[in-house]
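Chemist: For reference, the structure I am asking about is given below.
There are 2 protein chains.
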Amino acid sequence: MLDSAAYPQSLQRLIGWLCRLPGIGRRTAERLALALLEWPAEDLAHFGEQVARLRQDVKTCTICGNFSDTDECVICRNPRRQTDMVCVVETAAQIPVFERSGGYHGLYHVLGGRISPLHGKGPDDLAIPSLRQRLQAGTIRELILATNSDVEGEATAAFLASELAAPGLSITRLAAGVPVGADLSYADAATLASALGGRRAMR
Amino acid sequence: MLDSAAYPQSLQRLIGWLCRLPGIGRRTAERLALALLEWPAEDLAHFGEQVARLRQDVKTCTICGNFSDTDECVICRNPRRQTDMVCVVETAAQIPVFERSGGYHGLYHVLGGRISPLHGKGPDDLAIPSLRQRLQAGTIRELILATNSDVEGEATAAFLASELAAPGLSITRLAAGVPVGADLSYADAATLASALGGRRAMR
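Written out as structure tokens, the structure is:
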């Protein structure tokens, strides 16, 4: 008897969607779907609506590109952040990792990826003009290039360092401590805090 | 800086819902929510709708109580199933585990729980009248009482065995092989197949 005969189609479809999530295999998806069947219909409606509306609800901060409920994110609006420091990250998903480290109190700038000729991504596909505009305001004294520490991340950092070099602007890179080749999204808070502490000047 | 400052509210709410799923902790929920943010809006809408409509879509088979798209489930409608055998399970979620074992080709009956005085569940809360009705049709020769092998499951089986005893009806219980105290939902296929093969007469 095939598995396909054991579940009704609507449950099969839900299992199919759950399988598309990272780290969720077939058995886990089945377990989650069966658990959802036990939820009150009202909770399912709210949860489903939250999923369906996710892309409409989660806006992008017009200043830094972070996830936000409003036009400007909570970090850009926070008057207690150091406004003379900007940490440049590849994706908005990496900002919570920095926040959790407790080692950074400046602002952020989300590039929206990195230079990657293999994936057809060049400098024009990144949020570099808006970064340049922020630098022209003249209040930023340090730019931390926190792209991933793999080949493309390093190349992107090198490109930005030469593109954005300006008198009075210190351009830095995260200190050794972050394992080479690793994705910053999965760095632990302690490693990241020490990497922030020992950041080195790039030129 | 608190975590709560790092994510917009809509994302926080989604993470909150995901945390309610079994085996999904805070970090995993965050990872899943961020992965969902990368999905096309159309896919999110379909996935969300599937979740919201789950309880309306997934019906209960009017004969056996299995999950179904229609009034009668694929197993009850299948003309190649043995109609003289009924396997009594606590929940519909346990049927796929039996199907996967490949050791059973009869029909099922979902009790909807087990007798559990501590949780205020008595025989009247279980689908016993409908089971009695199926037995009265006279075609069923064997009833496998596949309630869990813990105290309440055994008590429920003993109750059913004495309640439903009838001439010409063999009432059996799954063979040793299923670990005592374990939940049948998580039994592996091989153990379950051998347990089906060695089932013992109850009276």
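Chains W and P are the protein sequences, given in the same order. For the first sequence, numbering that gives the first Met the number 0 begins at 0 and goes up steadily by one. For the second sequence, numbering that gives the first Met the number 0 begins at 0 and goes up steadily by one. Glycine residues also receive a C-beta, built at the ideal position from the N, C-alpha and C atoms. In this text the structure is predicted, and so the values were computed from the model without any measurement.
#1: Alpha carbon to alpha carbon, how far is Thr90 (chain P) from Pro7 (chain P)? Give it in angstroms, no decimals.
#2: Would you decide whether Leu117 (chain P) is buried or exposed? Buried here means 16 or more other CB atoms lie within 10 Å of its CB.
#3: Would a C-beta distance cut-off of 8 Å place Ile94 (chain W) and Ala126 (chain P) closer than the cut-off?
#4: For a test of the three-state rule: what should DSSP assign to Ser193 (chain P), helix, strand or coil?
#5: Please report the residue range of the beta strand (DSSP E) in which Cys86 (chain W) lies.
#6: Step through the CB atoms of chain P and report whether any lies within less than 8 Å of the CB of Phe46 (chain W).
#7: Quick one: Cα of His108 (chain P) to Cα of Gly119 (chain W), how far?
#8: Please confirm whether Ile14 (chain W) and Ala28 (chain W) have their CB atoms less than 8 Å apart.
#9: Whose CA, out of P:Ala200, P:Ser100, P:Val88, lies closest to the CA of Asp187 (chain P)?
#10: What residues from chain P crowd round Ala92 (chain W), counting only those whose CB sits closer than 7 Å?
#11: Would you tell me roughly how many angstroms separate the C-alpha atoms of Gly197 (chain P) and Arg54 (chain P), rounded to the nearest one?
#12: Measure how close the beta-carbons of Ala156 (chain W) and Leu142 (chain W) come, nearest whole angstrom, since I'm counting them as under 8 Å.
#13: Please give the ranges of any beta strand (DSSP E) in the stretch 138-171 of chain P, keeping only runs that are unbroken, at least 3 residues long and fully inside the region.
#14: Please classify Gln49 (chain W) as buried or exposed, where buried requires at least 16 other C-beta atoms within 10 Å of its C-beta.
#15: Have a look at W:Leu36, W:Arg26, W:Thr138, W:Cys60 and flag the residue whose alpha-carbon is nearest the alpha-carbon of Gly111 (chain W).
#16: Counting only C-beta atoms, is Leu13 (chain W) closer than 8 Å to chain P at any point?
#17: Does Arg30 (chain P) have its Cβ less than 8 Å from a Cβ in chain W?
#18: Within 8 Å of any Cβ in chain W, is that where the Cβ of Leu43 (chain P) sits?
#19: Give the secondary structure of Ala200 (chain W) by DSSP, where H, G and I count as helix, E and B as strand, and everything else as coil.
#20: Run the CB neighbour count on Ala165 (chain P), radius 10 Å, all protein chains shown included, and call it buried at 16 or more, exposed below.
#21: Which residues in chain W sit within 8 Å of Gln81 (chain P), going by Cβ to Cβ distance?
#22: Please list, in chain order, all residues of the same chain as Thr146 (chain P) whose beta carbon is under 6 Å from its beta carbon, the five residues on each side excluded.
#23: Report the neighbours of Phe66 (chain W) on chain P: residues whose CB is nearer than 8 Å to its CB, in chain order.
#24: For Gly105 (chain P) and Ala181 (chain P), what's the separation of their Cα atoms in angstroms?
#25: By Cβ distance, which residues of its chain are closer than 6 Å to Trp38 (chain P), with the 5 residues on each side in sequence left out?
#26: Among P:Ser129, P:Pro122, P:Gly121, which residue has its Cα nearest to the Cα of Val85 (chain P)?
#27: Which of the residues in the stretch 95-111 of chain W, read from start to end, lie with their CB under 7 Å from any CB of chain P?
#28: Could you check how far apart the C-beta atoms of Asp83 (chain W) and Arg140 (chain W) are, in whole angstroms? I think they sit under 8 Å.
#29: Shorter than 8 Å from the beta carbon of Leu125 (chain P) to some beta carbon of chain W?
#30: Less than 8 Å separating the beta-carbons of Val57 (chain W) and Leu17 (chain P)?
#31: Tyr185 (chain W) by DSSP, collapsed to three states: which one?
#32: Does the beta-carbon distance from Ala44 (chain P) to Ala51 (chain W) come in below 8 Å?
#33: Identify each residue in the stretch 49-61 of chain W for which the Cβ-Cβ distance to at least one residue of chain A is less than 7 Å, and report them in chain order.
#34: In chain P, which residues lie with their C-beta within 8 Å of the C-beta of Pro21 (chain W)?
#35: Distance cutoff 8 Å, beta carbons only. Does Ala40 (chain P) sit that close to anything in chain W?
#36: Measuring straight from C-alpha to C-alpha, what distance separates Pro78 (chain W) and Gln132 (chain W)?
Modeler: Well, looking at it:
#1: 39 Å
#2: exposed
#3: no
#4: helix
#5: 84-88
#6: yes
#7: 57 Å
#8: yes
#9: P:Ser100
#10: Leu33
#11: 37 Å
#12: Their Cβ separation, rounded to whole angstroms, is 10 Å, which puts Ala156 (chain W) and Leu142 (chain W) out of contact at 8 Å.
#13: 141-145
#14: buried
#15: W:Cys60
#16: yes
#17: yes
#18: yes
#19: strand
#20: exposed
#21: Result: empty, since nearest Cβ-Cβ is about 12 Å, beyond 8 Å.
#22: Glu89, Arg113, Gly152, Thr155, Ala156
#23: Tyr6, Pro7, Leu10, Leu36
#24: 24 Å
#25: none
#26: P:Ser129
#27: Pro95, Glu98, Arg99, Gly101
#28: 4 Å
#29: no
#30: no
#31: helix
#32: yes
#33: Any reference to chain A falls outside this structure, whose protein chains are W and P.
#34: Arg30, Leu31, Ala34
#35: yes
#36: 20 Å
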